[in-house]
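To convert a position in the sequence shown, counted from 1, into this note's numbering, add 8. Presented below is the structure to which this report refers.
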Amino acid sequence: MMNWTDRHCRYLHRLMSRHALLYSEMIAAPALVRAKAWHLLDFDPAEHPVAVQLGGSEPRELAAAAAMAADAGYDEINLNVGCPSDRVQSGCFGAVLMKRPALVGECVAAMIAAQPAEVTVKCRIGVDEQVCEETLPAFIETVRAAGVRRMAIHARKAWLKGLSPKENREIPPLDYPLVYRAKQTFPDIHMSINGGIGSLEEVNAHLARGMDGVMLGRAAYNSPSDLLLRVDSEIFGDRSVRTAREVVELMRPYIAGHLAKGGRLRDVVRHMLGLFSGRSGARSWRRTLSERGSRDGAGLEVIDTALAFVGDG
Numbered sequence: 009m010m011n012w013t014d015r016h017c018r019y020l021h022r023l024m025s026r027h028a029l030l031y032s033e034m035i036a037a038p039a040l041v042r043a044k045a046w047h048l049l050d051f052d053p054a055e056h057p058v059a060v061q062l063g064g065s066e067p068r069e070l071a072a073a074a075a076m077a078a079d080a081g082y083d084e085i086n087l088n089v090g091c092p093s094d095r096v097q098s099g100c101f102g103a104v105l106m107k108r109p110a111l112v113g114e115c116v117a118a119m120i121a122a123q124p125a126e127v128t129v130k131c132r133i134g135v136d137e138q139v140c141e142e143t144l145p146a147f148i149e150t151v152r153a154a155g156v157r158r159m160a161i162h163a164r165k166a167w168l169k170g171l172s173p174k175e176n177r178e179i180p181p182l183d184y185p186l187v188y189r190a191k192q193t194f195p196d197i198h199m200s201i202n203g204g205i206g207s208l209e210e211v212n213a214h215l216a217r218g219m220d221g222v223m224l225g226r227a228a229y230n231s232p233s234d235l236l237l238r239v240d241s242e243i244f245g246d247r248s249v250r251t252a253r254e255v256v257e258l259m260r261p262y263i264a265g266h267l268a269k270g271g272r273l274r275d276v277v278r279h280m281l282g283l284f285s286g287r288s289g290a291r292s293w294r295r296t297l298s299e300r301g302s303r304d305g306a307g308l309e310v311i312d313t314a315l316a317f318v319g320d321g
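Here it is, written out as structure tokens:
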């Protein structure tokens with residue numbers, strides 16, 4: 009989720025769930041290898057377990073980027089074979105690679121050989137005119153042969169021409185049964201399902217169908233209290249849960265440290281807008297953080313003002 013799950017977002021989400029695996033934004037391998045943009049790999053040790061997602065299609069470059077990510081301390085290195093944006097396609101990575109499974113196999117094999125962290129793949133069920141019932145199993149078999157043992161599958165086809173990235177998340181129909189069958193065909197692959205999942209009740213339903221995991225994106229970002237504050241108790245059996253107010257208090261030292269380094273309040277609080285979704289005062293919370301948090305010199309007093317609008321229920 010480019011421009012969404014940055015390091016500030018992940019720190020916040022880790023305060024909400026001790027157990028969920030967090031993913032970085034997709035980072036282009038050329039930015040790491042050619043531009044030496046090490047800062048893109050920055051993360052707080054508190055984020056563990058955390059995975060980095062890479063985009064690319066050149067095996068040696070991806071191997072070098074994977075080695076950089078492993079040196080930075082990431083627990084997992086994920087190759088994006090699912091993003092349908094035009095910008096990503098022009099670089100020959102993302103969902104367009106579903107058309108080149110052999111190349112994906114070369115990429116993940118090189119990444120595995122270059123460093124010790126686990127290499128995983130995030131993909132779609134297919135693209136464009138592909139017959140997903142045929143191409144998805146063949147794709148999985150190819151990356152499995154290259155050494156991949158963990159995958160996340162977005163249960164929609166991607167249409168690379170004619171649909172925007174947003175439309176590609178909504179218009180192509182979901183085919184959960186196809187992913188269930190893929191898991192049955194490849195029981196040795198740890199397989200997570202993704203796409204259109206917006207509640208923990210749905211998460212449990214997918215787990216009951218034999219999936220090993222469930223990947224949540226925008227639903228967890230937009231309504232984190234409904235999902236992330238409940239996931240530890242309802243999925244992982246950990247009853248030591250926090251409230252949204254407690255999370256805000258725990259964010260204060262982190263935000264203060266960011267401001268002390270010259271950062272802006274908006275960098276962090278933009279990820280906190282949905283914390284009180286559905287609660288009395290949530291609109292005023294969002295408006296205060298959005299408007300006042302963007303001003304020059306904005307500090308923790310903005311959070312105090314915003315929090316005063318939120319009810320305790």
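Heads up, the beta-carbon is just placed ideally off N, CA and C, and yes, glycines get one too.
Query                                                                                                                                        : Result
Inspect the beta-carbon positions of proline 109 and threonine 150 and report whether they are closer than 8 Å.                              : yes
For leucine 230, report the span of its beta strand (DSSP E) as first-last.                                                                  : Reading off the sequence, residue 230 comes out as asparagine, not leucine. No beta strand (DSSP E) contains asparagine 230, which is instead part of the alpha helix (DSSP H) from 226–230.
If you check the beta carbons only, do isoleucine 133 and isoleucine 179 fall under 8 Å apart?                                               : no
Using CA coordinates, which residue listed in Val187, Glu209, Ala314 is at the minimum distance from asparagine 202?                         : Val187
Exposed or buried, what is lysine 130 when buried is set at 16 or more other beta-carbons lying within 10 Å of its beta-carbon?              : buried
Relative to the C-alpha of arginine 303, which candidate in Arg278, Arg287, Ser285, Phe284 has its C-alpha closest?                          : Arg278
Which residue comes first and which comes last in the beta strand (DSSP E) that contains tyrosine 31?                                        : 30–36
Taking Cβ positions only, does proline 195 come closer than 8 Å to chain C?                                                                  : Checking the listed chains, one finds no chain C in this structure; it contains a single protein chain.
Note the first and the last residue of the continuous beta strand (DSSP E) segment covering arginine 6.                                      : The requested residue 6 does not occur in the structure, where the chain is confined to residues 9 to 321.
Taking 8 Å as the threshold (C-beta atoms), are serine 25 and threonine 13 in contact?                                                       : no
Go through its chain and collect everything with a Cβ distance to arginine 18's Cβ below 6 Å, but skip five positions before and after it.   : Leu30, Glu55
Going straight from the alpha carbon of glutamate 69 to that of alanine 103, what length do you get?                                         : 18 Å
With C-beta atoms as the reference, is valine 112 less than 8 Å away from valine 135?                                                        : no
Please report the straight-line C-alpha distance between glycine 271 and arginine 238, rounded to a whole angstrom.                          : 31 Å
If you scan the region 160–223 from start to end, which runs of the beta strand (DSSP E) of 3 or more residues do you find wholly inside it? : 198–202, 221–223
Considering Cα atoms alone, identify which of Ile120, Tyr229, Cys100, Val222 is closest to leucine 168.                                      : Cys100
Between the Cα of proline 195 and those of Met219, Ala264, Asp83, spot the shortest distance and give me the residue it belongs to.          : Met219
Expressed to the nearest angstrom, what Euclidean distance is found between the alpha-carbon atoms of arginine 22 and alanine 28?            : 8 Å
Note down the Cα distance separating glycine 321 from methionine 10, rounded to an integer number of angstroms.                              : Residue placement at glycine 321 is flagged as unreliable, the pLDDT there being 49, under the threshold of 50; a coordinate-derived value is accordingly withheld.
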